[in-house]
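Sequence lines, in order, name chains A and B. Residues in the first sequence are numbered consecutively from 1, following this note's numbering. Residues in the second sequence are numbered consecutively from 238, following this note's numbering. First the structure, in the form of C-alpha cells, and then the observations on it.
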Amino acid sequence: MSVDKIGSLIEKIQINELQCRDNIKNKNLNGCISELCEKLDILKKLKSIFQKRNDEKTANHLLLEELITKGEISFFKFGEAFVRSKFGRAWDEVHTSLNNYGFAGEVADQIGLKSKDNIAKFEKCKEIIEQFPQQWFGSLETLIKKVECSICGKDMRECNHIKGRAYNGEPCIAIVRDMEIIGLSLTTNPLDPRCRLVPVDSDYEKGGFIGSDFGKEKIKKIMKEKSEIENLIMGML
Amino acid sequence: MEIEERKLKITLDDLLKILPTEKRGRLKSSEILILPMKFEDLEKIDEQPFRDRVIEINKLLRNENVKSELFEGDIHRPILEFRGFDFLMPTILFLATDPNIRSIAINIISQMIYDGLKFLSKKDKKHTPLELEFVKVSEDGTLTSIKYKGSAEDFGEISKKLKIL
C-alpha cells in the first residue's frame with residue numbers, strides 16, 4: 001500500500017470532519033451521524049494497512065480514534081432519539097457512547113496518551129445518565145464453561161492476552177463458546193444497563209421507567225431540561 | 238465496611254489432596270492459588286465454580302511475575318458470572334509469605350475496581366458492593382480467612398489495612 005493511499009485516506013477524514021462540523025452548526029444530527037459512519041469506515045481501512053505491517057503502535061492509535069468516533073456516533077444517536085422523546089432508545093445510545101469513550105480511555109492509558117477531550121465526553125455521558133429516572137434491569141447468571149480469545153482463538157485460560165486490552169489495533173474480547181444460564185435477576189445496578197425491563201404494554205423505544213422514582217413529573221422535568229441537553233449534544237464535538 | 242478474620246477448619250494439605258498427584262506439586266510450589274467458591278466444603282469442592290474475573294486476575298498476576306495458579310484438576314471448572322455490577326471477587330490464597338506478592342494482588346484488584354467504578358454515577362458507586370476473601374497460610378499449614386464485605390468505593394481505604402494483615 002503506497003504512502004499516497006494513506007495520504008488520501010487521511011485527507012478524506014479531514015474533509016469528513018469539516019462536513020461534520022457544518023452539520024453541527026446546522027443542528028443536523030442525522031447528517032453528523034452519516035458523516036461519522038463514513039469516517040469510521042475510512043479509519044478501519046487505514047487501520048488494516050498498519051495491521052498488515054504489524055505496526056501495533058499506529059494500529060492501536062487508530063483503534064482509539066475508531067472508539068472515539070463510535071462514541072460520537074452513539075452520542076448523536078442519543079441526541080436524535082432524545083429530541084424525538086424516545087427516552088428508552090436514548091438511554092441505550094448514551095450507554096453505548098459511555099462504553100466506547102470508556103474503552104477509548106483504557107486504550108489511551110495503554111498507549112500512554114492522555115485524552116482530556118475524551119475524558120470530558122465520558123463524564124458528560126455520566127451526567128446525562130444521572131438525569132434519567134430509576135429503572136429495573138435484567139441480569140443473567142451464567143456458568144461459563146468455555147471462553148475463546150478473540151485475538152488468538154485459543155482457550156482464554158491458555159493464552160497471554162488480557163481481556164479489554166488492545167493488540168495490533170483490535171480489542172481482546174472473551175468469546176463465550178459454551179455456557180449454561182442458571183438464573184435471571186432483577187437489579188438496579190446491571191453490568192449492561194441496556195438490558196432494561198419495560199412493562200409489556202409500553203413502547204420499548206420510549207422506555208418504561210418503572211423504578212422507585214418513576215413518574216410523569218420526572219419525565220416533564222427532563223423535558224424542561226431538554227434545551228440544555230440539546231446544547232450539550234451540539235457542544236460535544 | 239468490615240473485615241472479618243477467622244481460622245478455617247481445613248488445612249492447606251486438606252485442600253491440595255483434592256487435586257490429582259501430578260498437579261499437586263506444581264500448585265504447591267506456586268505463590269498464589271485462586272480458589273473456587275465454597276472451597277471449605279471439601280466433599281463438594283469439585284462441583285464448585287470459580288467466581289468471575291478469575292482468568293483476568295490470574296493473567297495479570299503472571300504478568301507481574303507472580304506464580305499464580307487456578308485451583309483445578311485436569312478439567313476446567315466453570316466460571317459463575319453475574320451480569321450485575323457487583324464486585325464478587327474470587328478467593329485468593331497466598332502461599333508465599335512475601336508481602337510484595339500480597340501488595341501486587343491487592344493493587345491488581347484495586348485497579349480492576351477503579352476501572353469498573355469509573356463507569357458508574359456517583360449515586361451508583363456508593364451502592365456497588367464488593368466481596369473479597371484472602372486466605373493466608375501459617376507455617377503449620379493452617380489457614381486463616383480475611384474477608385471484606387462492603388462498598389467497592391471504600392476499597393481504596395481498606396486495601397491499605399489488608400496489605401498489612
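Backbone N, C-alpha and C fix where the C-beta goes; we use that ideal spot for every residue, glycine too. Bear in mind the structure is a predicted one, so any value in this text is a computation, not a measurement.
In this structure, the alpha-carbon of E318/B lies about 43 Å from that of I6/A.
The C-alpha of Q19/A is placed about 10 Å away from the C-alpha of K25/A. Within the region 344 to 355 of chain B, D352, K355 place their CB atoms closer than 8 Å to a CB of chain A, listed in sequence order. When S375/B, K386/B, K246/B, K359/B are compared, the shortest CA-CA separation from L332/B is found for S375/B.
At least 8 Å separates the beta-carbon of F76/A from that of L43/A. Under the rule that a run must span 3 or more residues, the beta strand (DSSP E) segments found entirely inside the region 264 to 325 of chain B read 269 to 272, 305 to 307, 316 to 319. In the DSSP annotation of this structure, the continuous segment of the alpha helix (DSSP H) that includes V3/A starts and ends at 3 to 25. T58/A carries a helical assignment under DSSP once its states are collapsed to helix, strand and coil. Runs of the beta strand (DSSP E) lying entirely within the region 151 to 208 of chain A and spanning at least 3 residues, in chain order: 174 to 187. At a cut-off of 8 Å, the C-beta of K126/A has a neighbouring C-beta in chain B. Counting along the chain, S388/B sits inside the beta strand (DSSP E) bounded by residues 379 to 388. DSSP places R89/A in the uninterrupted alpha helix (DSSP H) bounded by 87 to 110.
Here N23/A is not near L67/A, since their CB atoms are 8 Å or more apart.
Judged by beta-carbon spacing, S340/B lies beyond the 8 Å limit of S305/B, meaning their Cβ atoms are not closer than that value.
Look at S115/A here: in three-state DSSP terms it is coil, with no helix or strand label. With 16 or more other CB atoms across the displayed protein chains lying within 10 angstroms of its CB, P190/A is buried. With fewer than 16 other beta carbons inside 10 angstroms of its own, D201/A counts as exposed.
Annotation: I255/B is outside any beta strand (DSSP E) and is labelled neither H nor E by DSSP.
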